[in-house]
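Residue numbers (the numbering used here), protein chains in the order written: chain A, 12 to 449; chain B, 12 to 449. In this text, a Cβ means the ideal position worked out from N, Cα and C, and glycines have one as well. Comments concern the structure below.
Number of protein chains: 2
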Amino acid sequence: MNIVLLSGGSGVRLWPLSNEVRSKQFIKIFRGEDGNYESMLQRIYRQVCKIDDHITMVIAASKSQVSSIHNQLGENVNISVEPCRRDTFPAIVLAAAYLIDIAGVSDRESLVICPVDPYVEEDYFKVLKSLGEQADKEEANLVLLGIEPTYPSEKYGYIIPNDKKCISRVLKFQEKPDMETAKNYIRQGALWNGGVFACKLKYIMDQAHKLIDFTNYEDLFDKYDTLCKISFDYAVVEKEKKIQVMRFSGKWKDLGTWNTLTEAMNEHCIGDSIMNESCTNVHVVNELDIPVLAMGLHDVVISASPQGILVSDKKQSSYIKPFVDKIDQQVMFAEKSWGSFRILDLGEESLTIRVTLNPGHRMNYHSHKNRNEVWVVILGVGYTIVDGMKQEIHVGDVLTMEAGCRHTVIAKTELQLIEVQLGKEISVYDKQKYSLES
Amino acid sequence: MNIVLLSGGSGVRLWPLSNEVRSKQFIKIFRGEDGNYESMLQRIYRQVCKIDDHITMVIAASKSQVSSIHNQLGENVNISVEPCRRDTFPAIVLAAAYLIDIAGVSDRESLVICPVDPYVEEDYFKVLKSLGEQADKEEANLVLLGIEPTYPSEKYGYIIPNDKKCISRVLKFQEKPDMETAKNYIRQGALWNGGVFACKLKYIMDQAHKLIDFTNYEDLFDKYDTLCKISFDYAVVEKEKKIQVMRFSGKWKDLGTWNTLTEAMNEHCIGDSIMNESCTNVHVVNELDIPVLAMGLHDVVISASPQGILVSDKKQSSYIKPFVDKIDQQVMFAEKSWGSFRILDLGEESLTIRVTLNPGHRMNYHSHKNRNEVWVVILGVGYTIVDGMKQEIHVGDVLTMEAGCRHTVIAKTELQLIEVQLGKEISVYDKQKYSLES
Chain A
12 MNIVLLSGGS
22 GVRLWPLSNE
32 VRSKQFIKIF
42 RGEDGNYESM
52 LQRIYRQVCK
62 IDDHITMVIA
72 ASKSQVSSIH
82 NQLGENVNIS
92 VEPCRRDTFP
102 AIVLAAAYLI
112 DIAGVSDRES
122 LVICPVDPYV
132 EEDYFKVLKS
142 LGEQADKEEA
152 NLVLLGIEPT
162 YPSEKYGYII
172 PNDKKCISRV
182 LKFQEKPDME
192 TAKNYIRQGA
202 LWNGGVFACK
212 LKYIMDQAHK
222 LIDFTNYEDL
232 FDKYDTLCKI
242 SFDYAVVEKE
252 KKIQVMRFSG
262 KWKDLGTWNT
272 LTEAMNEHCI
282 GDSIMNESCT
292 NVHVVNELDI
302 PVLAMGLHDV
312 VISASPQGIL
322 VSDKKQSSYI
332 KPFVDKIDQQ
342 VMFAEKSWGS
352 FRILDLGEES
362 LTIRVTLNPG
372 HRMNYHSHKN
382 RNEVWVVILG
392 VGYTIVDGMK
402 QEIHVGDVLT
412 MEAGCRHTVI
422 AKTELQLIEV
432 QLGKEISVYD
442 KQKYSLES
Chain B
12 MNIVLLSGGS
22 GVRLWPLSNE
32 VRSKQFIKIF
42 RGEDGNYESM
52 LQRIYRQVCK
62 IDDHITMVIA
72 ASKSQVSSIH
82 NQLGENVNIS
92 VEPCRRDTFP
102 AIVLAAAYLI
112 DIAGVSDRES
122 LVICPVDPYV
132 EEDYFKVLKS
142 LGEQADKEEA
152 NLVLLGIEPT
162 YPSEKYGYII
172 PNDKKCISRV
182 LKFQEKPDME
192 TAKNYIRQGA
202 LWNGGVFACK
212 LKYIMDQAHK
222 LIDFTNYEDL
232 FDKYDTLCKI
242 SFDYAVVEKE
252 KKIQVMRFSG
262 KWKDLGTWNT
272 LTEAMNEHCI
282 GDSIMNESCT
292 NVHVVNELDI
302 PVLAMGLHDV
312 VISASPQGIL
322 VSDKKQSSYI
332 KPFVDKIDQQ
342 VMFAEKSWGS
352 FRILDLGEES
362 LTIRVTLNPG
372 HRMNYHSHKN
382 RNEVWVVILG
392 VGYTIVDGMK
402 QEIHVGDVLT
412 MEAGCRHTVI
422 AKTELQLIEV
432 QLGKEISVYD
442 KQKYSLES
């Protein structure tokens with residue numbers, strides 16, 4: 012079975028836990044099988060891996076998400092990297108080309124495409140498998156997953172099927188109807204459109220070549236920034252006549268807002284927090300090193316990260332976007348392929364950061380034009396390369412690097428550094444990378 | 012006029028803005044005359060200074076508060092330092108002895124004693140002056156300030172006067188009555204006991220010598236730790252027969268809890284915060300460098316500092332103490348006589364701190380047994396003395412100090428350092444001080 016997971020946009024609706032580089036799918040908020048917290052991405056990845064023994068999975072993601080994906084899923088995962096954001100049609104075509112040209116999958120095989128961010132259980136993945144098998148039968152060009160509505164939502168798109176059978180021909184689509192229309196549709200057996208579909212790989216390629224002039228994956232990747240922004244629904248689904256829908260009545264939750272996310276949480280508190288007995292329906296997610304104390308609150312979500320602190324009535328939390336958009340703030344923490352960093356202090360002409368490298372990992376070999384840096388090793392062992400000179404480092408070692416000096420650090424064990432950046436023009440864009448061979 | 016300001020205990024009821032070293036009176040929460048925020052202490056100090064041109068003021072405070080007092084009021088303020096906590100009777104006697112033996116005030120003069128923490132306006136200080144003048148008349152041995160109750164509180168002590176005249180003989184005292192008794196008292200003209208009184212200095216000394224064997228200020232200071240814990244109310248006020256009360260009907264607010272404190276705030280938000288339009292009766296006090304976003308809340312106080320985050324229904328905030336007592340946490344920030352510090356990162360075997368020195372100020376010359384330290388200068392100029400060697404320092408300079416090495420830093424301009432402490436046994440008690448002459 013072939014599957015493309017669409018990693019989705021950044022989104023600010025789960026601020027402060029999501030920021031420009033950490034999309035909601037990377038927030039570790041669910042108890043995994045080993046008792047540790049896992050993210051939506053880790054959860055769905057684990058669930059997909061269990062579908063059967065022959066899964067070829069590709070994650071379609073933006074460049075800025077690659078580090079986080081490797082950090083959470085390891086180095087061996089297939090990522091179809093979108094060089095820039097171009098909506099779902101180009102992203103899906105790129106991932107399909109990746110499957111054919113890089114992963115060596117035949118275009119006669121079918122493909123299931125689904126987003127990473129719904130909260131679902133095992134039964135969902137069984138249906139994904141059936142969806143692929145249905146596509147193999149070629150009764151239709153496209154097979155969609157239709158989710159049985161649990162209430163007449165005005166937020167979702169609806170699929171109106173021909174009948175109420177498990178698999179049915181699609182009559183039409185309806186974007187976000189009003190409440191009355193939604194109720195009416197549901198009476199007729201309408202389903203939510205969860206953005207999940209299956210088809211032959213060749214079908215996607217045929218559609219792609221109608222709209223885009225390209226030869227193979229590499230060619231498409233190179234001209235990706237010239238493509239139009241267009242959704243797969245608009246470019247393909249809504250135009251297709253031979254299209255089926257498969258009903259799904261299991262658990263499916265869209266975790267787009269704090270309100271819906273907290274409904275899917277296994278516990279009321281994550282992180283250092285205390286709640287007094289008079290709190291009702293309160294959730295705390297605290298990623299800071301300091302405690303949160305909640306007293307006498309009702310229907311409230313509290314969330315704290317190095318990015319900020321949200322305290323919101325749960326229903327109101329859906330209206331967060333315009334407020335977060337107004338906050339002009341730099342990225343205060345991030346997961347990278349090699350570990351993570353967190354800004355500890357924003358000075359007038361300095362920036363102090365805690366850098367954590369995972370064992371065996373390393374930074375890029377790089378230099379900065381406009382800042383000097385100081386490293387103080389606070390945990391672990393490893394070595395540094397500074398202007399070509401290799402040196403073992405231990406706790407207490409101090410390294411100073413003038414602007415222009417090339418440097419990297421490689422972790423033997425988990426390694427932590429306090430990095431002090433010094434200069435009048437400190438910027439994340441001030442970074443020149445080098446290969447270590449040069 | 013002579014006045015003793017009682018600086019009071021630490022108190023956890025305003026956590027996280029108050030901690031072991033910052034009592035509530037040091038929290039900067041009121042708009043001062045210059046538009047900047049000032050603390051209760053700064054506010055009352057400013058107000059007392061305006062009473063008249065001949066004020067001799069002494070602040071009675073514990074050792075741990077001295078740095079904060081100098082930080083907020085400057086170096087030239089008189090402090091009667093209690094070597095350890097021994098309740099208000101020993102504290103007042105020590106301050107009175109300080110006035111006589113150190114400040115050279117005659118024991119025939121009168122003295123007004125008042126706590127630093129009520130929220131009051133100019134009229135209060137006019138009454139304090141009258142209180143001192145009334146004590147000068149020697150119609151009674153003690154003159155108390157009685158505050159006209161605004162509601163039948165069960166939290167305060169009551170003074171029951173002989174009549175409803177402005178100055179009246181005290182009939183009796185009543186500690187924290189129940190609601191019905193309080194209502195009954197108020198009908199009889201009873202007043203709240205705000206802990207303010209005036210008397211002759213000689214009167215305090217006479218009472219002191221009855222209970223404590225001492226010769227002068229220095230002798231009392233030296234044996235302070237051998238004294239019994241006893242309140243001035245219990246030791247003196249309740250035993251005195253010749254006692255008057257002066258009525259005060261102006262603004263007087265006890266700022267002991269978040270609920271009462273927010274009532275006295277001039278604005279709803281202090282620090283980096285955003286509140287949506289659906290919030291009602293919400294106060295945010297944010298001392299962190301990251302924004303707080305509050306949405307759809309009612310009657311809630313949000314307070315954030317390097318010590319923690321409180322989100323509480325206002326009424327419930329009075330019950331905070333047992334929860335804060337359970338939090339076993341080190342002091343994360345403090346104001347010192349020379350500036351301030353803030354813990355940025357608590358590592359397994361490291362501690363990273365931002366140290367700010369005010370211009371012209373310096374640390375003690377000191378060493379540590381069990382830790383090495385690294386300083387990175389991130390702002391300003393000054394000089395260091397390390398094992399006797401003087402060196403000018405500028406932004407970007409790095410100094411490393413092994414355990415045992417004596418060191419200090421002196422600020423020419425405002426100076427900021429990132430200090431990384433490294434060791435297995437990092438403790439605030441690991442500090443040996445030296446004089447720079449040795």
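For VAL32 (chain B), not one C-beta of chain A is nearer than 8 Å to its own C-beta. Among the residues of chain B, those whose CB is under 7 Å from the CB of ILE313 (chain A) are VAL322, following chain order.
Here ASP265 (chain A) is buried, its C-beta having at least 16 other C-beta atoms within 10 Å. Scanning the stretch 124-206 of chain A for uninterrupted beta strand (DSSP E) segments of 3 residues or longer gives 129-131, 153-158, 169-172, 178-185, listed from N- to C-terminal end.
Within the stretch 356-386 of chain B, those residues whose Cβ lies closer than 8 Å to any Cβ of chain A are, in chain order, ASP356, LEU357, GLY358, GLU359, GLU360, SER361, THR363, ARG365, ASN383, VAL385.
Within the stretch 272-293 of chain B, contact with chain A at the beta-carbon level (separation under 8 Å) is assigned to ILE285, ASN287, SER289.
If you draw a straight line from the Cα of ASN381 (chain B) to the Cα of ARG57 (chain B), it is about 43 Å long. Separation of the CB atoms of ILE197 (chain A) and GLN185 (chain A) is rounded to 11 Å, and the pair is thereby denied contact status at 8 Å. Among the CB atoms of chain A, none fall inside 8 Å of the CB of PRO129 (chain B).
Taking a C-beta cut-off of 8 Å against chain B, the contacting residues of the stretch 329-348 of chain A are TYR330, ILE331, PHE334, VAL335, LYS337, ILE338, GLN340, MET343, listed in chain order.
Within a 10 Å sphere around the beta-carbon of GLU436 (chain B) sit fewer than 16 other beta-carbons, which makes this residue exposed.
In this structure, MET12 (chain A) sits away from ASP118 (chain A), with a CB-CB distance that is not shorter than 8 Å. ASP224 (chain A) carries a coil assignment under DSSP once its states are collapsed to helix, strand and coil. Its chain contains VAL32 as the residues whose beta carbon lies nearer than 6 Å to that of SER75 (chain B), once the 5 sequence neighbours on both sides are disregarded; these appear in chain order. Note on GLU86 (chain A): under 16 other CB atoms within 10 angstroms of its CB, so exposed under the neighbour-count rule.
In chain order, THR268, TRP269, ASN270, VAL312 place their CB closer than 7 Å to the CB of SER328 (chain A), counting only its own chain and leaving out the 5 sequence neighbours on each side. Residue-level contact check: GLN443 (chain B) does not touch chain A, since none of the beta carbons of chain A fall below 8 Å from its beta carbon.
Leaving aside the five residues that flank HIS405 (chain A) on each side, the residues in its chain whose CB is nearer than 7 Å to its CB run, in chain order, VAL388, VAL392.
Within the stretch 390-421 of chain A, those residues whose Cβ lies closer than 7 Å to any Cβ of chain B are, in chain order, LEU390, VAL406, GLY407, VAL409, THR411. For SER78 (chain B), the enclosing alpha helix (DSSP H) starts and ends at 77-84. For the beta strand (DSSP E) assignment, the uninterrupted runs of no fewer than 3 residues enclosed by the stretch 296-371 of chain B are, from N- to C-terminal side, 303-306, 309-316, 319-324, 344-347, 350-357, 361-368. Taking a 10 Å sphere around the C-beta of LEU447 (chain B), we find fewer than 16 other C-beta atoms and assign the residue as exposed. Rounded to whole angstroms, the gap between the alpha carbons of LEU433 (chain B) and TRP26 (chain B) is 29 Å. For the C-beta of VAL23 (chain B), not a single chain A residue is nearer than 7 Å; the gap to the nearest is close to 11 Å. Taking C-beta separations shorter than 6 Å and ignoring five residues to either side along the sequence, the partners of PHE344 (chain B) in its chain run PRO317, ARG353, following chain order. For ASP300 (chain B), the residues of chain A that pass the 7 Å Cβ criterion are LEU357, in the order they occur in the chain. For LYS326 (chain A), the nearest beta carbon of chain B is closer than 8 Å to its own beta carbon. Per DSSP, the unbroken alpha helix (DSSP H) holding TYR245 (chain A) starts and ends at 243-246. Checking the DSSP bridge columns, you'll see ARG373 (chain B) partnered with B:ILE421. Taken through DSSP and simplified to helix, strand or coil, VAL59 (chain B) comes out as helix. For TYR109 (chain B), the closest alpha carbon among the candidates B:GLN341, B:VAL248, B:THR226 is that of B:THR226.
Every unbroken stretch of the beta strand (DSSP E) spanning 3 or more residues and falling wholly within the stretch 233-281 of chain A is given here in chain order: 254-259, 263-265.
The C-beta distance from ASN204 (chain B) to LEU155 (chain B) rounds to 7 Å, short enough to fall under 8 Å.
Straight-line spacing of the CA atoms in HIS279 (chain A) and CYS290 (chain A) works out to 11 Å. Counting along the chain, no alpha helix (DSSP H) covers TYR48 (chain A); the unbroken beta strand (DSSP E) around it starts and ends at 48-50. Residue environment for HIS220 (chain A): exposed (fewer than 16 other C-beta atoms within 10 angstroms of its C-beta).
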